[in-house]
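Novice: If you read the sequences in order, they're chains V and A.
Each residue of the first sequence is one higher than the one before, starting from 7 at the first, in the working numbering.
Each residue of the second sequence is one higher than the one before, starting from 8 at the first, in the working numbering.
Note that the Cβ used here is the ideal one computed from N, Cα and C, for glycine as well.
Take a look at the following structure, please.
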Amino acid sequence: MYTQALNSSDGDDRFIEDADRAAAFQARIDDDERIEPNDWMPAAYRKTLTRQISQHAHSEIVGMLPEGNWITRAPSLRRKAALLAKVQDECGHGLYLYAAAETLGSSREELVDAMLAGKAKYSSIFNYPTLTWADIGTIGWLVDGAAIMNQIPLCRCSYGPYARAMIRVCKEESFHQRQGFEIMLTLCRGTDEQKAMAQNSLDRWWWPVLMMFGPPDQVSQHSDTSTKWKIKRFSNDELRQKFVDATVPQAQFLGLTIPDPGMKQDAEGHWRYSEIDWTEFKQVLAGNGPCNRDRLAARRKAHDEGAWVRDAAAAYAEKRARRSMAQAAE
Amino acid sequence: MATPNTPLWEVFIRSRNGLAHKHVGSLHAADATLALQAARDIYTRRGEGLSIWVVPSSAITASDPSEKGMMFEPAESKIYRHPTFYDVPEEVGHM
């Protein structure tokens, strides 16, 4: 499960429609109460959450594509079964999240259509290709690792349905990270060629993974509002640093080199990374990453090719409903 | 023609520890049979339960959150409904 750049937003919509109700709402948040679907909430809170949760859902669904790429080529039955289970989990996570987003008043169809039309974002990490089997290891170890860092605080987010969905997701996510690390460990303990494959994969994914935490704090829009509403509990840079500190010793254990020659440990033990290339991030967000077009095309194809299944299920349900009405009338 | 929205269902699962069915989430499905199958796939991938209920979301009547004071306050003021309200001398032991 993957949240990233979800707190960057369009325009300023922080209007307050009713000062008293807004104050009462903020007081509930400050008291650490959970907001539930039928409760009054400011329109901007609803809008921010709808955007964040649905983009999170789209990320899960699009995230199935780079990994699905390797299911038929997994090196053993054990790896194949695990990867299949992981991809099924991503689908499940997408569905929990869509359900949570819908409680805010948008229909599933609207949310999915916005993604297929290219109007809704998903995590830019999935616009990178999975070129080798080692990439499946790296995704589990680093992409899911970064996602866990982002998601654990969301289990305490002020919106009840989102927080509950995140609790389910986080429980399942730890299997993903461990299976990824195991793949990396096996490669790193293998032949020179296998270890080189693992290193090459880390080289390609390291920086895009750091970008998953979103823009640096000084340019992150709307973070203040999200923090005030307790949707966001830690800043992008705080989470990024936490992730780097947790990951460096793991890379050392694997015997891999993080592709950042400038990285060093400071006096407090934090691993300080070099400047991130944000132009690349912006390019990928703008639709110009290596796989943006492929990913959207694959989602559209799946949606179109599934249309007959949805139509048939609806027609069958309608026929059955008509029959039971007729029987009841007899 | 736009595809009509697929109905929403609420999913309840009884876990193996003998507790009551508990709400776990919701899903979309055209009919009850498909809803049960989807609930199996979405909510019991790790043996979370031994029994599933699916209920059309439209069949649920919920209390109004803005009236929760009126609904629940009467219970809060009746502390004599709790065992700790009553004094039992220590020498009587556990009761």
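So S60 (chain V) packs on L117 (chain V), CB below 8 Å; how close in whole Å?
Specialist: Correct: roughly 5 Å between the Cβ atoms.
Novice: At a CB-CB cut-off below 7 Å, which residues of chain V make contact with I49 (chain A)?
Specialist: Those are G98, L101, listed as they occur along chain V.
Novice: Closer than 7 Å by beta-carbon distance: list the chain A residues that pair up with V152 (chain V), in chain order.
Specialist: The identity of residue 152 (chain V) in the sequence shown is Ala, whereas the question assumes Val. Neighbours of A152 (chain V) on chain A: none; closest Cβ ~23 Å, over 7 Å.
Novice: Pull up the distance between the alpha-carbon of D310 (chain V) and that of I20 (chain A), whole angstroms please.
Specialist: So the two alpha carbons sit approximately 33 Å from each other.
Novice: Taking L262 (chain V) and C194 (chain V) to be in contact with their CB atoms under 8 Å, please state how far apart those CB atoms are, rounded to whole angstroms.
Specialist: Right, their Cβ atoms sit about 7 Å apart.
Novice: Please report the distance separating the alpha-carbon of D300 (chain V) from that of N294 (chain V).
Specialist: The straight-line gap from Cα to Cα measures roughly 11 Å.
Novice: Run through chain V and tell me which residues come within less than 8 Å of H35 (chain A), C-beta to C-beta.
Specialist: Neighbours of H35 (chain A) on chain V, chain order: R114.
Novice: Does chain A have any CB closer than 8 Å to the CB of E42 (chain V)?
Specialist: E42 (chain V) counts as touching chain A.
Novice: For Y102 (chain V) versus A171 (chain V), is the C-beta spacing smaller than 8 Å?
Specialist: Yes; because the gap between Cβ atoms is below 8 Å, this pair is in contact.
Novice: Over the uninterrupted beta strand (DSSP E) stretch that includes H133 (chain A), give me the two end residues.
Specialist: A question about residue 133 (chain A) goes unanswered here, because the residues of chain A that appear run from 8 up to 102.
Novice: Considering only the beta carbon of each residue, do I131 (chain V) and P265 (chain V) sit closer than 8 Å?
Specialist: It is not a contact, given that the beta carbons lie outside the stated cut-off.
Novice: Counting pairs of Cβ atoms below 8 Å between the stretch 87-107 of chain V and the stretch 131-141 of chain V, do you hit three or more?
Specialist: The stretch 87-107 of chain V is not in contact with the stretch 131-141 of chain V.
Novice: Which residue or residues does DSSP assign as beta-bridge partners of F19 (chain A)?
Specialist: Note: F19 (chain A) sits in a beta bridge opposite A:H30, A:W60.
Novice: Which term fits K325 (chain V), buried or exposed, when burial requires 16 or more other beta carbons within 10 angstroms of its beta carbon?
Specialist: When all chains shown are included, K325 (chain V) counts as exposed.
Novice: Checking 8 Å against the spacing of the C-beta atoms, do F219 (chain V) and A120 (chain V) come in under that value?
Specialist: Going by C-beta atoms, F219 (chain V) is not nearer than 8 Å to A120 (chain V).
Novice: Could you list which residues in chain A have their beta carbon closer than 8 Å to that of Y322 (chain V), in chain order?
Specialist: Simply A37, D38.
Novice: So, does the CB of D45 (chain V) fall closer than 8 Å to a CB anywhere in chain A?
Specialist: True, the Cβ-Cβ gap to chain A drops below 8 Å.
Novice: Using a Cβ-Cβ cut-off of less than 8 Å, give me the residues of the stretch 298-320 of chain V that come near chain A, in sequence order.
Specialist: Cβ contacts with chain A come from A313, R316, D317, A319, A320.
Novice: Which of the three DSSP states is assigned to R278 (chain V) in this structure?
Specialist: Three-state DSSP puts R278 (chain V) in a strand.
Novice: Does A27 (chain A) get closer than 8 Å to chain V when you measure Cβ to Cβ?
Specialist: It does not; no Cβ of chain V falls within 8 Å.
Novice: Run down chain A in chain order and give the residues with a C-beta less than 9 Å from the C-beta of Q94 (chain V).
Specialist: Per Cβ cutoff of 9 Å: D48, R52.
Novice: Chain A beta carbons: is any one of them nearer than 8 Å to that of L117 (chain V)?
Specialist: False, the Cβ-Cβ gap to chain A never drops below 8 Å.
Novice: Whose Cβ in chain A lies nearer than 7 Å to the Cβ of A105 (chain V)?
Specialist: The answer, in chain order, is G32, S33, L34.
Novice: For a test of the three-state rule: what should DSSP assign to I41 (chain V), helix, strand or coil?
Specialist: Strand at I41 (chain V).
Novice: What distance in whole Å lies between the Cβ atoms of S164 (chain V) and I41 (chain V), which are believed to be in contact at a cut-off of 8 Å?
Specialist: Indeed, because the Cβ distance is near 5 Å, the residues count as touching under 8 Å.
Novice: What alpha helix (DSSP H) runs, 4 residues minimum, are completely inside the stretch 37-94 of chain V?
Specialist: Those alpha helix (DSSP H) runs which fall completely within the stretch 37-94 of chain V and span 4+ residues are 49-74.
Novice: Which one of V:R278, V:Q185, V:D317, V:Q258 has the shortest CA to CA distance from K86 (chain V)?
Specialist: Answer by Cα proximity: V:Q185.
Novice: Any Cβ of chain A within less than 8 Å of the Cβ of N13 (chain V)?
Specialist: In this prediction, N13 (chain V) scores a pLDDT of 41, lower than 50, which makes its location untrustworthy; the coordinate-derived value is nonetheless stated afterwards. Chain A, which has no Cβ nearer than 8 Å to the Cβ of N13 (chain V), makes this no.
Novice: Since R162 (chain V) is in the alpha helix (DSSP H), which residue starts that stretch and which ends it?
Specialist: First-last for R162 (chain V): undefined, no H or E at that position.
Novice: Please report the straight-line C-alpha distance between N44 (chain V) and K53 (chain V), rounded to a whole angstrom.
Specialist: Taking the straight line joining both Cα atoms gives about 15 Å.
Novice: Distance check for S70 (chain A) and I237 (chain V), CA to CA, integer angstroms please.
Specialist: Cα to Cα, I237 (chain V) sits roughly 26 Å from S70 (chain A).
Novice: Which residues in chain A have a C-beta closer than 7 Å to the C-beta of R326 (chain V)? List them in chain order.
Specialist: Chain A residues near R326 (chain V): D38.
Novice: Identify which residue in V:A257, V:R57, V:D243 has its Cα closest to the Cα of S207 (chain V).
Specialist: Nearest of V:A257, V:R57, V:D243 to S207 (chain V), Cα basis: V:A257.
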